[in-house]
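Numbering (my numbering), first residue to last: 11 to 107.
So the structure is just underneath, and the comments pick up after that.
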């Protein structure tokens, strides 16, 4: 799987999760509050771009650096843990390659 395909898939999954979270909330305010972690993760995906300029072999190292970096702040601290989750999913996708 290419970086572009992986990031596109992650965006689709994240958007679906955001829609579900909002729909399950009892009101708009609660939906906005509950979706906040997803917003931070989406901002991180936006920062990565479409992935076309990220070399396939360097992508895991980029995610590792961000996952282990204490100074990455996103108004909630979601980016390092999301980067770690992305790395785990990336490695799972490439386990058999």
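For every residue, glycine included, the Cβ atom is placed at its ideal position computed from N, Cα and C.
Inter-residue spacing [alpha-carbon to alpha-carbon] between residue i and residue j
| i | j | result |
| --- | --- | --- |
| residue 70 | residue 46 | 25 Å |
| residue 22 | residue 37 | 24 Å |
| residue 31 | residue 89 | 19 Å |
| residue 72 | residue 97 | 9 Å |
| residue 27 | residue 51 | 11 Å |
| residue 53 | residue 106 | 30 Å |
Within 8 Å, strictly: CB atoms of residue i and residue j
| i | j | result |
| --- | --- | --- |
| residue 103 | residue 11 | yes |
| residue 66 | residue 13 | yes |
Residue ranges of each beta strand (DSSP E) within the segment 40-66, 3 or longer: none
Touching by the beta-carbon criterion (3+ pairs, under 8 Å), the segment 47-63 and the segment 15-24: yes
Cβ pair count under 8 Å reaching 3, the segment 36-44 against the segment 88-97: no
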